[in-house]
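If you use UniProt numbering, the sequence shown corresponds to residues 1 to 293, in order.
What follows is one structure encoded as C-alpha cells, with my remarks underneath.
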Amino acid sequence: MFIERFIRYLQFEKRFSPHTVTAYRQDLTQFNEFLAVDNLDVLTISHRDVRSWMLLMMEQGSEAKTVNRKLSVLRSFYKFLQREELSNTNPMIHIKAPKVPKRLPVVLDEQKMDSLLDAELSFESSFNGMRDRLILELLYGTGIRLSELVNLTDHDVNLYDQYIKVLGKRNKERIIPVAAPLIKLIKEYQREKLSQNFNNKASSLIVTNEGNNAYPQFIYRIVKLNLSQITTQEKKSPHVLRHSFATALLNKGADLNAIKELLGHSSLAATQVYTHNSVEKLKSIYKQAHPKA
C-alpha cells in the first residue's frame, strides 16, 4: 500500500521516467520481501534491519554501487513517508553508504572512432547501413543518452539552424548544436527513410529495419556490433560514446560548464569526472615526452 502510494508520487508528481519508476518499484519490492521473511513492517523497522539487508546483498555479490542505489531509493521512500505523516521514524538516518571505488569513464580512442565513421566500408550501402552510421554519429557527435536518442523525432531536428531538441531526465529540455556534416547525414537518412515506403507511421527519427520505432536494445546491439570493429574493451555501449564525446571536448579545451549543459547534467560534479581522464592523458604524454619523466 505505502509502496504503491510512493510509486504514484514518483509517476505523477515527480514525473520520473517509466524506466526509473520500474527500478524504484523493483528495489522496494525486494526490500519488502526481505522484511516479510521475519514478518517485519516498513513502518516499524530500525536501522539494524536495513543494515542486515545491506550485508545480505553484499554477501550475495552485489557491488557497492548497486547497494548505494538501493539505499538511495529507501532514503527517498522514508522521506516521503515522513512528509506524508505516514511514519514518525526514519531508519535511514543512521545508515552509512558503503564506499564505491572510483572508476574512470571508459572512452574510445578518437583516431579509431574517426576511422570507423569515415571509412566507406564500415557500413552497408543500404538504408540499414545509413541508419546504423547515423546512430553512432548522433551518440558520438552530440553526447545524448540512449533514451534520448530513442525518443528523438524528426520534428526535434532543426536542419536550418543545425541543432536537435532533446528531452532529458525529468523532462528537462535542452538544445544541442549539430555539426554540418551530421546535419547532411540526417537529411540523406530522412530522404532514404521516406523512399522506403514503410506502411506504419513511426514517430521516431531512428527506426528499425521494418520501419517501427527504434527501442533501446535495438540501438545497443547496433552500437556494440560496430564498436567491435575498433576495440576489444568489454564495454561497447551507447554510454561509452557519451563518455567519449565529453572527454574529446574537454581534451580540446571546452569549458566544463558548457559540457555540463550539453550533457544535461544537473550538477557540475557529475561532469567533473571527465577531468580525471584528461589528467591521465596529460600524465601519459608527460611520461612519453619529458626528458626527466
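C-beta atoms are modelled at their ideal positions from N, C-alpha and C, and glycine is treated no differently.
- In the three-state scheme derived from DSSP, where H, G and I count as helix and E and B as strand, R174 is classed as strand.
- Judged by DSSP in its simplified three-state form, T153 adopts strand.
- Per the coordinates, the alpha-carbon of Q217 lies some 11 angstroms from the alpha-carbon of T208.
- Note on Y215: under 16 other CB atoms within 10 angstroms of its CB, so exposed under the neighbour-count rule.
- With a 10 Å radius around the Cβ and a threshold of 16 neighbouring Cβ atoms, P91 comes out buried.
- Here the C-alpha atom of L56 lies approximately 24 angstroms from the C-alpha atom of K79.
- Pairwise C-beta distances place the stretch 88-106 in contact with the stretch 41-53, as three or more of them are shorter than 8 angstroms.
- Beta-bridge analysis with DSSP links N128 to no other residue.
- Going by DSSP, V166 is part of the beta strand (DSSP E) stretching over Y163 to L167.
- Listed in chain order, the non-local C-beta contacts of L40 below 8 angstroms within the same chain comprise D49, local neighbours out to five positions each way being set aside.
- According to the DSSP secondary-structure assignment, V207 is paired through a beta bridge with N213.
- In this structure, I259 lies near A246, with their beta-carbon atoms less than 7 angstroms apart.
- Contact between the stretch 24-33 and the stretch 102-112 is absent, with fewer than three C-beta pairs closer than 8 angstroms.
- Inter-residue distance for R83 and I144 is about 35 angstroms (C-alpha atoms, whole angstroms).
- Note that the stretch 182-192 does not touch the stretch 227-245; fewer than 3 beta-carbon pairs, one per stretch, sit closer than 8 angstroms.
- Residues of the same chain with a CB within less than 6 angstroms of the CB of L139, apart from the 5 flanking positions on each side, are P238 and L241 in chain order.
- Taking a cut-off of 8 angstroms on C-beta distances, the stretch 145-155 touches the stretch 164-184, as three or more cross pairs fall below it.
- Between R131 and I206, the alpha-carbon positions lie close to 7 angstroms from each other.
- If you draw a straight line from the Cα of Q233 to the Cα of T66, it is about 22 angstroms long.
- The straight-line gap separating the alpha-carbon atoms of T44 and V21 is approximately 25 angstroms.
- The beta-carbon separation of L81 and E137, rounded to 46 angstroms, does not stay under the 8 angstroms limit for a contact.
- DSSP, read as helix, strand or coil, puts N39 in coil.
- In the three-state reduction of the DSSP assignment, N158 falls in the strand class.
- A straight-line Cα-Cα distance of about 8 angstroms links I3 and F77.
- In terms of Cα proximity to A23, the closest of N197, L134, H47 and V73 is V73.
- In the three-state scheme derived from DSSP, where H, G and I count as helix and E and B as strand, D109 is classed as coil.
- A Cβ-Cβ separation of about 6 angstroms places V178 in contact with T142 under the 8 angstroms criterion.
- The shortest C-alpha to C-alpha distance from I135 to any of G211, V223 and L256 is the one to V223.
- With contacts defined as CB atoms closer than 7 angstroms, S17 and V107 fail to qualify as a contacting pair.
- Exposed is the label assigned to I175, since fewer than 16 other Cβ atoms lie within 10 Å of its Cβ.
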